[in-house]
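With the working numbering applied, the sequence shown corresponds to residues 1165 to 1292, in that order. Structure, as structure tokens:
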Amino acid sequence: MSTTEVTVTSPTDPQSVTSPLMQAVDSAAHQGARAIRSQRQPREWKLVAIRDCPTPSQVQECDTPERAADYWRLHVQTNPYFNPEVEFFVVLMLNTRRRIKGHTIVGMGILDSVLVHPREIFRVAIVA
């Protein structure tokens, strides 16, 4: 039966003799510390806008049906997905001051009907 002698050394004592096992442990600890340290290095990030929000001067007020119809004619009818031959369910998102934040086509139906679930409307409203 062979025994392995292990000498525990302090890192400040350079004249201590260590066993190969302790050298391997020290090496692994040093490599692990380097890996953890490298994760905390500064990184470069790129910020990409998902949706451009209009400035307050560009936001259209929507306090009457006529103004909502004007917005419809200007923005929704010019949308490439809009087809006047079928029914569309469009949600206009307003802020608390009745200014339009944007619109979303929630559902596209057939000639005379469109099926929309409330969760689709609320999801759009919450995300806005």
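All C-beta atoms in this analysis are idealised placements derived from N, C-alpha and C, irrespective of residue type, glycine included.
| Item | Value |
| --- | --- |
| V1189 burial status per 10 Å Cβ neighbour count (16 or more: buried) | exposed |
| Pairwise C-alpha distance: A1289 and A1233 | 20 Å |
| Three-way DSSP call (helix, strand, coil) for E1284 in this model | helix |
| Backbone CA spacing between I1269 and R1207 [nearest angstrom] | 38 Å |
| Under the three-state DSSP convention, the category L1275 falls into | coil |
| Alpha-carbon spacing of M1165 relative to Q1195, whole angstroms | Residue confidence is low: M1165 scores 48 on pLDDT, short of 50, so the model does not pin down where it sits. No coordinate-derived value is stated. |
| Environment of V1280 [buried if 16+ CB atoms lie within 10 Å] | exposed |
| Residue environment, V1278, which counts as buried when at least 16 other CB atoms sit within 10 Å | exposed |
| Three-state secondary structure (DSSP) of L1256 | strand |
| Straight-line gap, E1251 to I1264 (C-alpha atoms, nearest Å) | 22 Å |
| Which residues DSSP lists as bridging R1207, in chain order | DSSP, once it has assigned bridges, lists no residue as partnering R1207. |
| Inter-residue Cα distance where the pair is Q1224 and F1286 | 22 Å |
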